[in-house]
Each structure stands twice: as C-alpha cells, then as structure tokens.
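Structure, as structure tokens:
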Amino acid sequence: MARMDAAADTANSNVLLHLSAHRAVVGSINHVGIVVGEFRGPLGIKSGRHSMEATRWWDAVRDPAQLKNAAVEAGRKAAIGAGVAVVGITGVWASRAALAREQRGEEE
Numbered sequence: 467m468a469r470m471d472a473a474a475d476t477a478n479s480n481v482l483l484h485l486s487a488h489r490a491v492v493g494s495i496n497h498v499g500i501v502v503g504e505f506r507g508p509l510g511i512k513s514g515r516h517s518m519e520a521t522r523w524w525d526a527v528r529d530p531a532q533l534k535n536a537a538v539e540a541g542r543k544a545a546i547g548a549g550v551a552v553v554g555i556t557g558v559w560a561s562r563a564a565l566a567r568e569q570r571g572e573e574e
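Shown next, in the form of structure tokens:
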C-alpha cells in the first residue's frame, strides 16, 4: 500500500498535463485500499489508511510545484519531438541526395 500511495502522490504532483489519468490512478488506489482494508478487518489487522483525495485542476494551476513539473515534462517532450524532426529531415535529405546521384548515374 505504501508503494501505491507513493504512486498516488506522483499522480497528484502531475495534474496539469495528466488530469484524467491522475484521477484514475487516485481512484484505483483508493479502491484497492478499501478492498485491502476489508480483507484485513476480519483478521483483526487495522490499516489506519485514509483515502487520498485527487488534486483539483484549479488547485494545481495555483501550485508552483505543479507548474514546474508540467514545464519540465513539456520541455522534455518538446526536445524529443525536435530530435525526431531533425532525424526525419536528415533522412529526407539523404534520400533526395541518393536519388539525385542515382539519376545522374553516379555511384555511392
């Protein structure tokens, strides 16, 4: 349950870019927590665990940590996208150059 609570904390810290996924994660973890609690009850084991609350989007917008997490992830995705674009453009240029050489009858 501690690992699942850590996953819920991670989901709660990334609300701005993953609103629906964050709600699903927190809801699923709460559901599992309830089931585990129901299992432990007859065994006389007290869990003491409380359900987690999903962070509201409006609260996340006002949280500097949420903004930072969103900016870091968006920047990382933009960098990956730029890298893919560079590789794609390079491939197109290489293909065109090879085609031009072939049309001129040159060998590589």
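For what it's worth, this note's numbering labels the leading residue of the sequence shown as 467, then goes sequentially. Note that the Cβ used here is the ideal one computed from N, Cα and C, for glycine as well.
With respect to the 7 Å criterion, A526 and V481 are classified as neighbours on the basis of their beta carbons.
From the listed residues R489, S486, H488, I495, the smallest Cα separation to A468 is found for I495.
The region 504 to 542 contains, as complete alpha helix (DSSP H) runs of 4+ residues, the segments 523 to 527 (chain order). Residues A520 of the same chain have their beta carbon placed closer than 7 Å to that of R489, with the five preceding and five following residues left out of the count.
Measuring C-alpha to C-alpha distances from M518 to each of E504, D475, A566, R506 identifies D475 as the nearest.
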